[in-house]
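No gaps in the numbering here: position 102 of the sequence shown is 102 in UniProt numbering, and each next residue is one more.
These notes are about the structure you will find just below.
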Amino acid sequence: MGLCKCPKRRVTTLFCFEHRVNVCESCLVSAHPKCIVRSYLQWLQDSDYSPQCPLCEAPLGERETVRLVCYGGRGHRGRRGPLFPPPLTSGGGPVALREQPNSEG
């Protein structure tokens, strides 16, 4: 666990691989929407990452993206369970993900 550097100073297990900082869920949505974010323990085990979409292989910064519930955006192909979080799930990530399809129409 680490401490997010934002004014909220929340304890978090999330770690931005690109900026090498701890991020809370609020920062994940607002300041790191296209970054590779996983747990800090995953960073310690293997700090390598690919800045490309694992599905289409395009660079993540080229197009508008939507962060999936799994945060890192990996493992979609073998993912079990719903793509969108249940309606009562709170937090910046799930709320932003539910709102994304409505913002394009």
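A virtual CB, placed ideally from N, CA and C, is assigned to each residue, including glycine.
* Determine the DSSP secondary structure at residue 55, reduced to helix, strand or coil. => coil
* Asked: Which residue or residues does DSSP assign as beta-bridge partners of residue 30?
  -> None, per the DSSP bridge assignment.
* To do: Please report how far the alpha carbon of residue 61 lies from the alpha carbon of residue 30, in whole angstroms.
  => 15 Å
* Asked: residue 14 lies in the beta strand (DSSP E); which residues open and close that run?
  -> 14-16
* Can the beta-carbon of residue 106 be found closer than 8 Å to that of residue 22? -> Here the chain comprises residues numbered 1 to 105, so residue 106 is not present and cannot be evaluated.
* Quick one: using the 10 Å Cβ neighbour count with 16 as the cut-off for buried, is residue 194 buried or exposed? => Coverage of the chain is limited to positions 1 through 105, which leaves residue 194 absent and any answer about it impossible.
* For residue 41, the three-state DSSP class (helix, strand or coil) -> helix
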